[in-house]
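Q:
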Amino acid sequence: MKNWSESVIYQIYPRSFKDSNGDGIGDLMGIIQKLDYFVDLGIDAIWLSPIYPSPMKDFGYDVADYCGVDPIFGDMKDFDVLIKEAHSRDIKIMMDYIPNHTSDQHPWFLESKSSLDNPKRDWYIWKEPKNDGGVPNNWRSLFGGSGWEFDQMSNQYYFHSFLKSQPDLNWRNLEVKKAMYDVLRFWIDKGVDGFRMDAVCHLYKHHGFQDEGKISDDKKDPIRPEFDLDYSLTLNQPEILVWLSEVSTLLNEYDNKFMITECSGRYSDLQLLLDWHESGISHIHSPFNFHLLQMPWDAKKFKEFIDQYDNLLSDEFIPNYVMGNHDSPRLSSRIGKENIRCAALLMLTLRGIPTIYYGEELGMEDVEIPEYEWVDPDKRFINGRFVTRDPERTPMPWTGEENAGFSSHLPWLRINNDYQSVNVQSEKD
Ligand code: BGC
368 MKNWSESVIY
378 QIYPRSFKDS
388 NGDGIGDLMG
398 IIQKLDYFVD
408 LGIDAIWLSP
418 IYPSPMKDFG
428 YDVADYCGVD
438 PIFGDMKDFD
448 VLIKEAHSRD
458 IKIMMDYIPN
468 HTSDQHPWFL
478 ESKSSLDNPK
488 RDWYIWKEPK
498 NDGGVPNNWR
508 SLFGGSGWEF
518 DQMSNQYYFH
528 SFLKSQPDLN
538 WRNLEVKKAM
548 YDVLRFWIDK
558 GVDGFRMDAV
568 CHLYKHHGFQ
578 DEGKISDDKK
588 DPIRPEFDLD
598 YSLTLNQPEI
608 LVWLSEVSTL
618 LNEYDNKFMI
628 TECSGRYSDL
638 QLLLDWHESG
648 ISHIHSPFNF
658 HLLQMPWDAK
668 KFKEFIDQYD
678 NLLSDEFIPN
688 YVMGNHDSPR
698 LSSRIGKENI
708 RCAALLMLTL
718 RGIPTIYYGE
728 ELGMEDVEIP
738 EYEWVDPDKR
748 FINGRFVTRD
758 PERTPMPWTG
768 EENAGFSSHL
778 PWLRINNDYQ
788 SVNVQSEKD
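Using this note's numbering, read the sequence shown as starting at 368 and increasing by one per residue.
(1) Using 8 Å as the threshold, is the C-beta distance between residue 765 and residue 385 below it?
(2) Reducing DSSP to helix, strand and coil, say where residue 793 ends up.
(3) Quick one: is residue 526 buried, meaning 16 or more other Cβ sit within 10 Å of its Cβ, or exposed?
(4) Consider the C-beta atom of residue 745 and the heavy atoms of the ligand BGC; say whether any pair is separated by less than 7 Å.
(5) My guess is that residue 395 and residue 477 are in contact by the Cβ rule of under 8 Å, so how many angstroms apart are they, rounded?
(6) Mapping the DSSP letters down to three states, classify residue 779 as helix, strand or coil.
(7) State the Cα-Cα distance for the pair residue 411 and residue 459, rounded to the nearest angstrom.
(8) For residue 465, verify whether its CB is less than 7 Å away from any heavy atom of the ligand BGC.
(9) Give the list of continuous alpha helix (DSSP H) stretches no shorter than 4 residues that lie fully inside the segment 684 to 742.
(10) Can you find the residues in the same chain that come closer than 8 Å, C-beta to C-beta, to residue 496, ignoring five residues on each side of it along the sequence?
(11) Let me know the secondary structure DSSP gives residue 418 once reduced to three states.
(12) Are there any heavy atoms of the ligand NAP lying less than 7 Å away from the beta-carbon of residue 566, as far as the coordinates show?
(13) Could you tell me the distance, in whole angstroms, from the CA atom of residue 370 to the CA atom of residue 559?
(14) Taking the CB atoms as reference points, tell me whether residue 582 and residue 749 lie closer together than 8 Å.
(15) Using a Cβ-Cβ cut-off of 8 Å (strictly less than) and excluding sequence neighbours within five positions of residue 683, which residues of its own chain qualify?
(16) Considering only C-alpha positions, which residue in the set 406, 717, 471, 706 is nearest to residue 685?
(17) From what residue to what residue does the alpha helix (DSSP H) around residue 443 run?
(18) Closer than 7 Å to a non-hydrogen atom of the ligand BGC - does that hold for the CB of residue 425?
(19) Let me confirm a value: residue 336 is counted as buried when at least 16 other C-beta atoms fall within 10 Å, else exposed. Which label applies?
(20) Does the ligand BGC have a heavy atom nearer than 7 Å to the CB of residue 693?
(21) For residue 574, collect the residues of the same chain with a Cβ closer than 8 Å to its Cβ; drop the 5 residues on either side in sequence, then sort them by chain order.
(22) Quick one: what's got a C-beta closer than 6 Å to residue 436's C-beta in the same chain, skipping five residues either side?
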């Protein structure tokens, strides 16, 4: 298999890639049926967005069992076949590893919640209310509102960086660390080659639990206009650098493993990226570089950034570039269809690892989803209106047939009309 530094990663959003059993949702068998497609494309590694058992409140980023496969996607036997078949084609498999939070249905949280003296109480972040019964501090959830959820039974609040059904794990607890490191070993033992690590920038929160400072209007994130905190106590805490070193050391016990970590979007300035690179073992770790994803499509700005990043990273480090993912509008819709070949040429010829989001190779565009069909819980303010992440998560078109050859059934999200003879809406009508 190729070195990671020369690999091209392809992100699959499993719900939307290929449905093999006709329930309208993509699955592992569907991916297996399409493995030769990756050989034709020249893909070296596939990153699977989460396939774990989950209540799917955040479409798999709310994990109820880190060592299983959700029946929607198949079972562990299908997963074993996927590994075997992918490896026989020299394709590596990367799991999405979600260390910051579990689902509130994860047995660890159910135990933690069951009583104040449960041995797993400290596995999550619990705090007393303020004297007036209010939330412990002003920390927010990235999906809106306070980050604290009250538990009536114990009269305490727990913290969640995302949905209230995604309680944050307490990484300061050594048992949590051990259990979560065991999860990595579990998947490595199953033959997995690497991990994409979710929301790593949120992993530690400041132990003082003071209020976060406010930012001025001009510093506010246009996508999340209601957010007025500086996130200095809940994001990018120094402990993360130690964590990166520990986790890459764990992976280094094995042969040719790799991790690519989610380094926060808005706060990921270049220095932060460099610090993250330097904290992990250089040939095992690369923090996601979202700069080209967030910049305007402007040749001068691109060149300036790329020169800086590439020059600052010495040869031992592995740069990476991302221009699309399941959290951002489609490349084609952002920069214009006429520019996507140029973007592909750039990504594929720069030093380092390109990560390609499924369908970008076809120039897939965002699909307009009417509000009554929205399923994503995260609402963002883009171009003057609230949108969800649904438009960039729609099913992959395979043929010009019904449902674009993605499924024999009505798909879970509508497909671009251009790609098919029948779409969700016309079937509903
Ligand atoms: C993932 C999102 C997800 C969030 C919470 C992210 O950074 O990419 O899709 O909603 O983490 O897990």
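Backbone N, C-alpha and C define an ideal beta-carbon position, used for all residues, glycine too.
A: This is what the structure gives:
(1) yes
(2) Because residue 793 carries a pLDDT of 43, less than 50, the predicted location of this residue cannot be relied on, and the following value inherits that uncertainty. Looking at residue 793 - three-state DSSP - the assignment turns out to be helix.
(3) buried
(4) yes
(5) Not a contact, Cβ separation roughly 27 Å.
(6) Residue state, collapsed to three classes: coil.
(7) 6 Å
(8) yes
(9) 698 to 702, 707 to 716
(10) 502, 503, 517, 522, 523, 524
(11) coil
(12) Questions concerning the ligand NAP fall outside what the structure shown contains, since the ligands it does hold are the ligand BGC.
(13) Rounded to whole angstroms, residue 370 to residue 559 spans 15 Å at the Cα level.
(14) no
(15) 649, 650
(16) Checked all of 406, 717, 471, 706; the closest Cα to residue 685 is 717.
(17) Note, residue 443: alpha helix (DSSP H), 443 to 455.
(18) yes
(19) Nothing in the structure corresponds to residue 336, since the chain is present only between 368 and 796.
(20) At least one heavy atom of the ligand BGC lies less than 7 Å from the C-beta of residue 693.
(21) Taken in chain order, the residues that qualify are 539.
(22) Here the set comprises 418, 442, 443, 446.
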